[in-house]
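Sequence lines, in order, name chains X and Y.
Under the working numbering, the residues of the first sequence are numbered 38 to 476, in order.
Under the working numbering, the residues of the second sequence are numbered 308 to 606, in order.
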Amino acid sequence: MKKLLSLILSLVLVVSVLSGCSSGKDNSDGNSASNGGASGSGEKTVITFMCSGTQATEGEDFETQTLKKMVEAKFPNVTLEVTKLPDDQYYTSLKTKLATGEAPDIMWVQPRNAGANAVYALAKAGYLADLSDLNAAKTVPGTGDFNYDGKVYAIPCGVQFLGAYYNKDMFEANGIEVPTDWDSFLAACETLKNAGIQPIVMGDKDAYVMQFGLYQLAANVVYPKNAEYDNQLADGTTKFTDKDTWDRVLSMYSELYEKGYIEKGSLGIGASQAIQQFIDGQAAMTFDGTFNAAAIKASGAADFERGYFPLPGNAAGGTTYVAGAPGAGPAVYAESKNAELCKQILEYWFDAESDLCKAFQNNPRFITSYEGAPVDPLFNDFIDAYSKGNSFYWCNQAWPAGTENEMEALFGEHIGGQGTTIQQITQGMQNKFEELYTE
Amino acid sequence: MQKKRKEKSLVMTNRMYLFLIPALTMFVIFWVIPLLMLFRYSITNFNGINQNYDYVGFKNFITLWKENIIGISIKNTVTYTVILVFVSNVAGLALAMALNAKIRMKGFYRTAAYLPTLFSAIVIGFIWTYVYMPSNGLIATLMNQVGMDGSKFNILAGFKSALYGITIVDIWKNIGTAMIIYLAGLQTIDESMLEAGQIDGCTGFQLMRYVKLPLISATITINVILSVIAGLKAFDYVFIMTNGGPGKSTNTLMYTIYKIAFTDQMLGKSAALSVIAFIVIIAITIVMLFFMNKREVEL
């Protein structure tokens, strides 16, 4: 028995020592992957592209079908291998591939600090190629959110907005105009409530929906006064606890709960249940993003016309800013053997005149601001504000991932009557930010 | 046993240990090494992407302690486990006894009681969010129909009630398994024992307490262990039904580990919490082994 035990122990030791060595080797291999031989012996160059999302259920899928077809037509010597994975699998797969030095030539990254494939994290680790000299980097709006240390590392695919979907029929029946400032918004809610209609429904059990309202308010309260607010959080010039910044955003949003404008007990309702209540005509509004438009437009128990407006967090007479974030987009792997070719593909993709770009604009999944690109009429006001520059990104994209979860958890406690004060929420956000932020 | 070890076995010669190597290698590569690596990661600030991480000593553990993550998640997990173990075993045993009696349509009732177990946790969790849904859910509607105020019912939104809400769902699913195992245990009891007891003048309760329960003590042990395991690894219902909310009131150990690793992207800190979970679970196991062994001797 003792012999066996010692055998096992020594085996464990030997194997762990070996694995220690080999992992070291892996690292150095990964770093020198670029020195590997030239690409393949055949004439065709294989370019790999990995992105996240789900396949289109009807029509052509953009990445896996349209893009592949048109890129291969334009570059006859290229085979584009596209892999599309659901978000979580994509994150895991990308991480593994990056760690082993086998990352795809083109990969899908998110703006600033958003998600596991955030451009800041990847650029900082040296995985991405500098795209600043591309035409696309200069012409496509929103590249500022993919800018790390003064260099552009990815090209955004369109833009996404947060707003308030509303029931046009209910608004008309109660003589309410689309509100354009905070006071008129509160007045509209009051009117609806007095008429016995639930003004707003939110599925706060899925706490991420709290962001839908809060970020729109922050776009009107925090950033117009200081567009560098989030960058300054890093060096401590600004703090979440600063007066008239997040304390104001949170107390404005909390007011909607105190006055019962947002359904009582929202903490027990899920996001999809809230959408269901809205399309069943049980509430006049719900805050949601353009990415959920299909679910919002699905027919429910009630038949009514949908409208969409940016939540006005501004004072009367002021400008309403929208919360618009550039969508995720392609970036080029720094160690790719075909980096130049990849850049050409991206140029072709985002050149407003190219066939591929036209197909891209016409795909209903992307909201682009190219001239003449078809846009869902629901989003017109948003596109206008975005083109005028009256738009700020979604706050969490500038924060290290996890800060928003702390905000949601604490705000949940606040509206759930746990005695958490606004000040404790901003303090909690600040603590979490300082813990998560690394530079 | 003691004697046999000294003799040379004809079947298990030393050479036979070679056959252990394949299995052992797999075990070491996929279990022992990752575990050792976990301990190493727990003192780094590894974020899952950047391989140039730093060693930060016990900072992760200190932060976990300061933010009271350890306290909250251990408290929630233990509460969850205690309720799950107690209720699902008592109810499972009661159900098994009822279904072991000579009643009509026994097969149908047994099937019905076991049915919830067959569905995946994801499906069950999702359906129960509709059962619990305020004002329009199954329970709220039922309350309205019997003249109670269903709009006040909102178990998943309550900071005190949400954890119990999801525990109930797990119990609902777990009872079937417990019931089947108890049923099997009850059926191994020899009729003659019960008859002997009856002849000696046992009441129904005495028969259960002094004859049936001791005879199925091994079954009780396995059931308790199974539900303790289920309770300690509580993750699925939290993930599907509440996402740890409202606030942090349903953050269990496993869910918190997942959240820190995959939403906060702090694999180092998450590894530190895993180490703590490892220690907590080992401690609970030791206590249980001690308790269970003692009890089985007593009986």
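The C-beta atom is built at its ideal place from N, Cα and C for all residues, glycine as well.
Compare the C-beta of X/I84 with all C-beta atoms of chain Y and state if any pair is closer than 8 Å. X/I84 does not count as touching chain Y.
Test: X/D243 CB closer than 8 Å to a CB of chain Y: Chain Y contact via Cβ: present.
Hey, would you say X/Y202 sits closer than 8 Å to X/T323, going by beta carbons? For the 8 Å CB-CB criterion, X/Y202 and X/T323 form a contact.
Examine chain Y for any beta-carbon lying closer than 8 Å to the beta-carbon of X/G240, and answer yes or no. No, because no Cβ of chain Y sits closer than 8 Å to the Cβ of X/G240.
If you follow the alpha helix (DSSP H) that X/Y127 is part of, which residue opens it and which one closes it? Its alpha helix (DSSP H) spans residues D124 to A136.
Scan the region 570-592 of chain Y for residues whose Cβ lies nearer than 8 Å to a Cβ of chain X and list them as they occur along the chain. If the cut-off is 8 Å between Cβ atoms, the region 570-592 of chain Y has T570, D571, Q572 and M573 near chain X.
Would you call Y/R411 buried or exposed, if buried means 16 or more other Cβ atoms sit within 10 Å of its Cβ? So Y/R411 counts as exposed.
Quick one: give me the first and last residue of the beta strand (DSSP E) that X/L348 is part of. X/L348 -> no beta strand (DSSP E), and no H or E assigned at all.
Would you tell me roughly how many angstroms separate the C-alpha atoms of Y/G551 and Y/A579, rounded to the nearest one? Approximately 19 Å, taken between the alpha carbons.
With a threshold of 16 other CB atoms inside 10 Å of the CB of Y/A401, please say whether the residue is buried or exposed. The residue in question, Y/A401, is exposed, as its Cβ has fewer than 16 Cβ neighbours within 10 Å.
Could you tell me whether the region 451-458 of chain X touches the region 253-266 of chain X, using the rule of 3 or more Cβ pairs below 8 Å? Here the region 451-458 of chain X does not lie against the region 253-266 of chain X, with fewer than 3 beta-carbon pairs under 8 Å apart.
Comparing C-alpha positions only, which one of Y/T559, Y/I564 and Y/K566 sits nearest to Y/Y387? Of the listed residues, the one whose Cα sits closest to Y/Y387 is Y/T559.
Can you check whether the CB of Y/F353 is closer than 8 Å to the CB of Y/G575? Yes, the Cβ-Cβ distance between Y/G575 and Y/F353 is below 8 Å.
Which residue marks the beginning of the alpha helix (DSSP H) containing X/F499, and which one marks its end? In the structure as shown, chain X begins at 38 and stops at 476. Residue 499 of chain X is therefore absent and cannot be evaluated.
Give me the DSSP bridge partner(s) of X/W145. Answer is X/P367, bridged to X/W145.
Is any beta-carbon of chain X found at less than 8 Å from that of Y/T557? Not an interface residue.
By how many angstroms is the C-alpha of Y/S577 removed from the C-alpha of Y/S349? Approximately 7 Å, taken between the alpha carbons.
Would you be able to state if there are at least three C-beta pairs under 8 Å between the region 485-503 of chain Y and the region 516-523 of chain Y? Taking one beta carbon from each stretch, the region 516-523 of chain Y and the region 485-503 of chain Y have 3 or more pairs nearer than 8 Å; the two touch.
C-beta neighbour in chain X for Y/G432, strict 8 Å: Between Y/G432 and chain X, the shortest Cβ-Cβ separation is not below 8 Å.
Near-chain Y residues of the region 449-470 of chain X - C-beta to any C-beta below 9 Å: So the list reads G449, E450, H451, I452, G453, G454, Q455, T457, N468 and K469, given in the order they occur along the chain.
Taking the straight line between their C-alpha atoms, what separation do you get for Y/I379 and X/E377? So the alpha carbons of these two residues sit roughly 52 Å apart.
Report the option in Y/R322, Y/A403, Y/N451 and Y/V545 whose CA atom is closest to the CA atom of Y/K519. That would be Y/A403, whose Cα lies nearest to the Cα of Y/K519.
Less than 8 Å between CB atoms is the rule here; does X/E472 satisfy it with respect to chain Y? Answer yes: the Cβ-Cβ gap between X/E472 and chain Y drops below 8 Å somewhere.
Interface flag, X/S65 vs chain Y, CB-CB below 8 Å: Reliability fails at X/S65, whose pLDDT of 38 lies under 50, so the model's placement of it is uncertain and no value is given.
Near-chain X residues of the region 352-363 of chain Y (beta-carbon distance less than 9 Å), N- to C-terminal order: Of all residues in the region 352-363 of chain Y, N352, N354, G355, I356, N357, Q358 and N359 have a Cβ within less than 9 Å of some Cβ in chain X.
Counting along the chain, where does the beta strand (DSSP E) carrying X/T323 start and finish? It spans A320 to G326 - the beta strand (DSSP E) in which X/T323 sits, taken as one unbroken run.
Extent of the continuous beta strand (DSSP E) to which X/V83 belongs: It spans T82 to S89 - the beta strand (DSSP E) in which X/V83 sits, taken as one unbroken run.
Would you tell me roughly how many angstroms separate the C-alpha atoms of X/N375 and X/P193, rounded to the nearest one? If I take the Cα positions, the gap works out to 21 Å.
Stretch-stretch touch, CB-based, cutoff 8 Å, three pairs: the region 479-486 of chain Y with the region 413-429 of chain Y: The region 479-486 of chain Y makes contact with the region 413-429 of chain Y; the number of CB pairs closer than 8 Å reaches 3 or more.
Which same chain residues, not among the five before or five after X/S391, have their C-beta less than 7 Å away from its C-beta? Excluding sequence positions up to five before and after X/S391, its CB lies within less than 7 Å of the CB of Y385, all in the same chain and listed in chain order.
Using beta carbons (cut-off 8 Å, strictly below), is Y/T436 in contact with chain X? Yes, Y/T436 lies at the interface with chain X (some Cβ there is under 8 Å from its Cβ).
Could you tell me whether any Cβ in chain X is nearer than 8 Å to the Cβ of Y/P329? With 8 Å as the cut-off, Y/P329 does not count as an interface residue toward chain X.
Can you give the beta carbon distance from X/P367 to X/W145, rounded, assuming they're within the 8 Å contact cut? That pair is a contact at about 6 Å.
Can you list the residues of chain C that Y/L514 reaches, using a CB-CB cut of under 8 Å? In the displayed structure, chain C is absent; the protein chains listed are X and Y.
Contact check, Y/L463 vs Y/T563, beta carbons under 8 Å: It is not a contact, given that the beta carbons lie outside the stated cut-off.
How about X/Q387 and X/V189: do their beta carbons lie closer than 8 Å? One point to set straight first is that residue 387 of chain X is Phe, not Gln, in the sequence displayed. Using a Cβ distance threshold of 8 Å, X/F387 and X/V189 do not count as a contacting pair.
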